Amino acid sequence: MLKVIVGMGTFSLAMAFAGNDLVNFIGVPIAGWNAYEVWHASGQAATEFTMGSLAGKVPSNTLFLVLAGLIMVLTIWFSKKARTVIKTGVDLSRQSDGAEKFQPTNLSRFTVRSAISINKYFELVIPQATRTWIDSRFQIPIISLPKDKTFEMPAFDKIRASVNLIVAAILIAVATSYKLPLSTTYVTFMVAMGTSFADGAWGRESAVYRVAGVLNVVAGWFITALIAFTVAAIALSLINLGGIPAIALLLIFVFIMMGKNYVIYTKHQNDQKIESRIKRADLINIKGVIDESSTHIAEVASRVHKLFSNVVDDLSSHDINKLKKTDKHVSKLNQEVDELKDEVFYFIKSLDDSSVGASRFYILVLSYLQDIAQSISYISKVSYKHVNNNHKNLKQSQIKDLKTIDAELEAILKEIGEVFTNKSFEKLGKIIEEKQHTLNRVSESIERQIKRIRTEESSPKNTTLYFSILL
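Using the working numbering, the letters of the sequence shown correspond one by one to residues 36 to 506.
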């Protein structure tokens, strides 16, 4: 029965969307077109013509409706942004825990903390037997799936899906019948958030993230509406004052902004496709653990080398903008490693019984990766702080030492990447020997700096930065 309700609800919501969104999409342009046609047929001056003829029913142009409908269908079908919107709503309403897209804010923390405090009051008022009965209604059934099929688990059950679809469709249909041009996406999203909250999907593990997500999305809608209102007022004022030349300039500006937005979005999509992102795969055995650990180590080695080289080069040129950009990439690396550590629970759950012993190995690998990421983060931040505070440039002798170390580090990290990519672990002994040689080089650089301090070095800030990088 629930499948039938979900099916009917899907079509009902689709029809409700079509009825309301079509009006929102072309209502204003068609009203403007009809107003122009009526005025043109009247022969009166624009300043003397009133809109009384539009007070009654205005016949719709069938061709416009069909074309608008086709554009909407094609946009929904091919738009990647539309899929992102759907994914955001589903992730915020899913029953299970997992990686969260939004970071907690002070407001979301306060909201959750307040809700917990209120709940404690109700626990004192409501009898234990009643609370036990209520809790029994929220028991999540255990669904047994093979560990390699867990990704097929739905975000929520059919009961919640039925309520989401039917309630959203009813609200939108009623609003359309009353000629209210509401946001269908907003209604559907808020219904989904309300049902997920009522269904107990926001537990102590996820509530602060989900609330932050809802607040972000809702605030985004209101800010967008305010910006649209303001821009429309400015555009109308410019057209009223400037006439045809102002319209031409506004059209040129609109096309430029559309082109710029398309280029930025396309570049962002291409960067996501080619970007090597450190993320957890679906693992079920010890081979998967070794493969993923090797992939993580190779990826971190490659990125850390690039980041360290960038820091040295940017310090050499004293370029604060490049250092700031490098620091953003370093922060991203740290975030990805932190996400891996946050998912250790799900990693252990994903292993089969014969491979649970590999958990300790994987956790140690993540710990070492985190140490590396934190080290490059510290180097990046102290370098940026040094340049941002307008301290003296490092001396050429110091830059020369850093570049020498960078070259040796590049060779080692490149070999590490190749070893773990090709699983040729027998070469690790050679890498350890080369590592010791590089550490000796670092010690020599420290000794030279100590001598410089005793003889020629006059900048304590340079010394602090130099030792911070080497140590």
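Note that CB positions come from ideal geometry on N, CA and C, so glycine has one too. Just so you know, these numbers come straight off a predicted model, no measurement behind them.
Burial state of residue i, where buried means 16 or more other Cβ atoms lie within 10 Å
i, result
"residue 349", "buried"
"residue 292", "exposed"
"residue 71", "exposed"
"residue 425", "exposed"
"residue 396", "exposed"
"residue 362", "buried"
"residue 148", "exposed"
"residue 483", "exposed"
"residue 289", "exposed"
Beta-carbon proximity list for residue i, same chain, < 7 Å, skipping 5 on both sides
i, result
"residue 173", "235"
"residue 423", "355"
"residue 60", "103, 107"
"residue 84", "74, 77"
"residue 227", "124, 128, 199"
"residue 143", "243, 246, 247, 250"
CB of residue i within 9 Å of CB of residue j, strictly
i, j, result
"residue 332", "residue 365", "no"
"residue 505", "residue 481", "yes"
"residue 50", "residue 267", "no"
"residue 124", "residue 224", "yes"
"residue 458", "residue 329", "yes"
"residue 446", "residue 469", "yes"
"residue 517", "residue 200", "Look at the range of the chain in this structure, 36 to 506, and you will see that residue 517 is not part of it."
"residue 230", "residue 202", "yes"
"residue 448", "residue 408", "no"
Sequence-distant residues of the same chain with beta carbon closer than 6 Å to residue i, five excluded per side
i, result
"residue 460", "none"
"residue 273", "281"
"residue 456", "333"
Rounded straight-line distance, which links the Cα of residue j to that of residue i
i, j, result
"residue 55", "residue 87", "25 Å"
"residue 342", "residue 472", "22 Å"
"residue 359", "residue 334", "22 Å"
"residue 451", "residue 463", "8 Å"
"residue 167", "residue 157", "13 Å"
"residue 118", "residue 242", "24 Å"
"residue 494", "residue 419", "17 Å"
"residue 478", "residue 399", "27 Å"
"residue 145", "residue 155", "15 Å"
"residue 190", "residue 206", "23 Å"
"residue 219", "residue 211", "10 Å"
"residue 195", "residue 275", "51 Å"
"residue 374", "residue 134", "8 Å"
Other residues of its chain near residue i: CB distance less than 8 Å, five sequence neighbours each side excluded
i, result
"residue 204", "44, 47, 48, 50, 51"
"residue 277", "284"
"residue 192", "130"
Minimum Cβ-Cβ distance from residue i to chain B less than 9 Å
i, result
"residue 107", "In the structure shown, chain B does not exist; there is a single protein chain."
### Query
Taking the runs of the beta strand (DSSP E) that are 3 residues or longer, which of them lie wholly in the segment 358-409?
none
### Query
Counting only runs that start and end within the segment 89-158, where is the beta strand (DSSP E) found for 3 or more residues in a row?
none
### Segments of 4+ residues assigned as alpha helix (DSSP H) that fall wholly inside the segment 228-315
242-277, 279-309
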